[in-house]
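Input: a single structure, listed below in structure tokens.
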Amino acid sequence: MTVTTKGPLSPKGQLSPRPYDVAVVGAGVVGTAIARELARHPHLRIALVEASGDVGDGTSKANTAILHTGFDAVPGSLESRLVREGQRLLSAYAAESGIPVETVGALLVAWDDEQLDALPGLLEKAGHNGYDAARIISADETRAREPHLGPGALGALDVPGESIICPWTTTLAYATQAVRSGVDLHLNVRVEKVSSEDGAHLLDTSRGALRARFLVNAAGLNADVLDRLVLGSGDFTVTPRRGQLIVFDKLARDLVRHILLPVPTALGKGVLVAPTVYGNVLLGPTAEDLDDKTATGTTADGLDGLLTKGRRILPALVDEEVTAVYAGLRAATEHDDYRIRCHEGRRYVTVGGIRSTGLTASMAIAAHVAGLIAEADPGLDLKDPVEPLPVHMPNLGEAFPRPYQRADLIATDPAYGTIVCHCERVTRGEIRDALISTVPPASLEGLRRRTRARGGRCQGFYCGAAVRVLHEGRGEWGPE
Amino acid sequence: MTRRQRGVDVLVVGAGPAGLAAARGLAEHGVGVVEVLEREVVAGGVPRHCHHRGFGRWGVTGPQYAARTVEAALGSGARVRTGVTATGWAGPLTLDTTGPHGLERITARAVVLATGARERPRSARLVPGTRPAGVLTTGELQQAVHLHGQRVGTRAVVVGAEPVGYAALSALRRARVTVVALTTDQPRHQLGRASAVAARIGHGVPVLTGTTVAELLGRGRLSGVRLRHRDGRLTTVDCDTVVFTGDFVPDHELARRGGVALDPGTRGPAVDGAFRTGVEGVFAVGNVLHAVEPALWAAREGALAADAVRGFLDGSGPAPGGPAIEVAAPLRWVAPNRAVPGVPVDGFVLRTAQALTRPVLVVTQDGHRLHRQYVPRRALPNRTLRLAGHWTGKVDAAGGPVRITVGGLRDGIFGAATE
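Going down the list, the sequences are from chains D and V. Following this note's numbering, the numbering of the first sequence begins with 1308 at its first residue and continues without gaps. Following this note's numbering, the numbering of the second sequence begins with 210 at its first residue and continues without gaps.
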């Protein structure tokens, strides 16, 4: 099991005589899924390189955390197929590995006649996407199903299969399984130049050189940049589309039962209200096309706009306390579909333009990419994958027992009965486990994504300093 | 899941000044088993990390005060259990707990909620920008500095110029952090006169009034804050630390989960003059009622609440009910929020939404004046405004709501300052 975070990739500056078989650039939800899929072939030497200090630290950490059915995809598109397959694959994987998922269902609520008129078309589209469980419900039924909805809802499309999921645990489960299956995960590696050498890709990076026979571009927001480094040109440009979101307090959770999706109209997609698996309520996102791939800040206008829309959808929501605000960037391109393309002669696959459905589709994207690689480079021998050892991720979801609720666990180790982060009820045992896990957190933010510590309503007022002590390794790990 | 089930006479949640004083008052009078649950590892509440003086006569500091109150509670015979969290309700007077020794379900004859208050963090204040490290509240800052001796940063901006802002300033100085400015969106600072002089002249820290934080800057670590001044001008201040002070809110989660009605003004449990919530047998006391008052005030309430709980337990307490107490703008809220006829109240705590010059507080019920009180100084937002409580004896139990308004020198003339 290898995770490196610093120092040269090749010790003493000497390149290993044998290049990696495959290098995957980008350890977001897509890159880690691909690495995990390829790791099912134990004879392959695989590197997963990531510019940030942690996995899932870009687009994957800041999204709407929905496991989509794919009912509203463009029928016949690659995205439609991969989302549908990915939903099935990830649902099964989540159940097996402890990723929290709740199938709460979605309602696309129509607030005016134009939106109401759009519902039959959406129902038909769902059918074309192979999703038959959707149906249109009346204003009365909509209100009965969501009693706190604001006035004026005219009806809704009911999509019972839509679910909420923990995006952090998903990425982490993939990465953990990949590393345990032998993948070398190299963090803080920024790819600066790519050239060819003896039939392999030579990557010059911020941590020195790395060679790989086959290269996979899963660089998310920077996929277009890497394409240009490798190919000299690219067939798409990533335009970061910022989505700002507001997370409301857990005490707001009872106000909403479904994912309340907007009805897409000519004016674009709108703002949703959705529960989270952590027991909060999410309001967002905005959609702002930007030039800056690092512009993950929120703005006063963005937040004001969200509150105005939220007040219409669920008036009582905006009276509740806000726990967090954040912004994520979607890797939008000028194309409607995913941009997954294999450059066979170059032994190179680009996995670009993976937008908000990427979390849902991740496992199907990985299988698809593995298929492309097998075809492009028979020498890698991707036949007969083996099942990796299962992973059991710590549960972050409120719908399943958390350690502080488990007498059996506390009896074996009192650290699981010692709550450190009070708002999120994170125990000392969970923080310890995260710090010594296969892919340990690089920062307090990484620790938050693994445990929820410091992520609650007080944002550190009570526990911030104590969590920092544990993170900095000054806590004692012996039994109390 | 196995939970150990047991019973006590009174269960107090929270071992801060209010909870400990209530427990002491009950245990001293022989009210059977009085147990205090404290989720922190050490009892004493927020004063544990308030190193400044002012917790009693002769310059008692927060940690000294915390240690004394814990000792006094233990000396009275109350049980104080630390590292134990009340995680939810299993019945009207039954709480589920988690601690290193396992899960419990504790039923009491009366429950006292003393869960305190916290400062709103940056996110709840909807301050835009990036999410870098180096963004704190005073509570986190004080714990980092005073309890753990952690390094904080090098250059800080303190948001808020109330007394707690000055406490943040002193914690930052102890951590050898240069404080670049204290900012407040109010037209004037609300430090005490001595603190303001000490901040400005003693430490050379400018106090920027009429200023809001427009944006936080920086990736990984805070690199600066963008400030918006009264005239709309934007300036950027380089700093690696920002402390959001004040803007306290009651920590009301347990109360709400237990179905305890809140007062819309305070956002804490609605209580009457005997600290009774809307749920029979559940009392609330201290800063969960009014975020936020000094420790000595919270402790005084705790002692009074002990009497009220004893009255409830032996059946000698007043009948429940009584008219609501309401405030009119520019007053924001009052606590307690319900009058119990015939029960004298030590005093009421209020807040105003705008500065008032020597206001007169007028208490009426159904058009009859019950009380009129001259306030011999300015009343400022976020600062305590107290109202005497002896007039509650005149409240008509069957009458309408009691109203508190601001009068002028003669009633009806509005006394709001123009500033």
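Backbone N, C-alpha and C define an ideal beta-carbon position, used for all residues, glycine too.
DSSP places D:Ile1373 in the strand class (E or B) of the three-state scheme. Chain-ordered, the chain D residues with CB closer than 8 Å to the CB of V:Thr307 read Tyr1711, Gln1712, Ile1717, Gly1724, Ile1726, Arg1732.
Within the same chain, Cβ atoms closer than 6 Å to the Cβ of V:His258 are found at Gln351, Gln352, His355, Leu356, the five residues on either side in sequence being excluded.
Between D:Glu1731 and D:Arg1759, the beta carbon gap of about 4 Å places them in contact (Cβ cut-off 8 Å). Here DSSP, grouped into helix, strand and coil, assigns D:Lys1600 to coil. Taking a contact as a CB-CB distance under 8 Å, the pair D:Gly1591 and D:Gly1550 counts as one, their CB atoms being some 6 Å apart. Taking the Cα positions, D:Gln1712 is about 7 Å away from V:Thr307. Interface flag for D:Glu1752 against chain V is set, since a Cβ pair is found closer than 9 Å.
With its beta carbon less than 9 Å from one in chain V, D:Thr1605 belongs to the interface.
Glu1628, Val1629, Thr1630, Ala1631, Val1632, Tyr1633: these are the residues of the region 1620-1646 of chain D whose beta carbon lies less than 7 Å from some beta carbon of chain V, given in chain order.
Secondary structure at V:Asn591: coil, using DSSP grouped into helix, strand and coil. Counting C-beta pairs with one atom in each stretch, the region 1495-1509 of chain D and the region 1589-1609 of chain D have fewer than three that are closer than 8 Å, which means they do not touch. With contacts defined as CB atoms closer than 9 Å, D:Val1774 and D:Arg1757 fail to qualify as a contacting pair. With 16 or more other Cβ atoms inside 10 Å of its own Cβ, V:Asp472 counts as buried. Comparing C-alpha distances from V:Val491 to each of V:Ala500, V:Asp481, V:His499 shows the shortest one belongs to V:Asp481. With a cutoff of 9 Å on beta-carbon distance, D:Arg1646 and D:Ala1683 are scored as not near each other. A check of alpha carbon separations from D:Val1676 across D:Val1329, D:Tyr1769, D:Val1381 identifies D:Val1329 as the nearest. In the DSSP annotation of this structure, the continuous segment of the alpha helix (DSSP H) that includes V:Val373 starts and ends at 372-383. Of all residues in the region 1538-1567 of chain D, only Leu1558 place a beta-carbon less than 7 Å from a beta-carbon of chain V. For V:Arg402, the enclosing alpha helix (DSSP H) starts and ends at 402-406. Interface criterion not met: the Cβ of D:Val1496 is under 9 Å from no Cβ in chain V. Out of V:Ala538, V:Asn591, V:Gly530, the CA that lies nearest to the CA of V:Ala548 is found in V:Gly530. For V:Val458, the nearest beta carbon of chain D is closer than 9 Å to its own beta carbon.
Taking 8 Å as the Cβ-Cβ cut-off, the region 301-325 of chain V approaches chain D at Thr307, Gly308, Pro309, His310, Gly311, Leu312, given in chain order. The C-beta of V:Leu345 comes closer than 9 Å to at least one C-beta of chain D. Nearest C-alpha to D:Leu1552 among D:His1565, D:Arg1637, D:His1493: D:Arg1637. Proximity of chain D to V:Pro337 at the Cβ level (cut-off 7 Å) is accounted for by Gly1604, Thr1605, Thr1606, Ala1607, Leu1610, in chain order. For V:Phe521, the enclosing alpha helix (DSSP H) covers residues 504-523.
Taking a Cβ-Cβ cut-off of 7 Å, the neighbours of D:Thr1601 in chain V comprise Arg428, given in sequence order.
One alpha carbon belongs to V:Gly225, the other to V:Leu443, and they sit about 41 Å apart. Taking D:Tyr1723 as the centre and dropping the five residues before and after it, the same chain places the C-beta of Pro1710, Leu1716, Ile1717, Thr1734, Gly1736 closer than 6 Å to its C-beta, in chain order. Within 7 Å of the CB of V:Arg340, the CB atoms of chain D belong to Tyr1633, in sequence order along the chain. The shortest C-alpha to C-alpha distance from D:Ala1401 to any of D:Ser1470, D:Gly1412, D:Glu1504, D:Pro1569 is the one to D:Ser1470.
From the beta-carbon of V:Gln359, the residues of chain D found nearer than 9 Å are Ala1772, Arg1775, Val1776, Glu1779.
Taking C-beta separations shorter than 6 Å and ignoring five residues to either side along the sequence, the partners of D:Ala1681 in its chain run Leu1689, following chain order.
Counting only the Cα atoms, D:Thr1376 lies some 15 Å from D:Ile1672.
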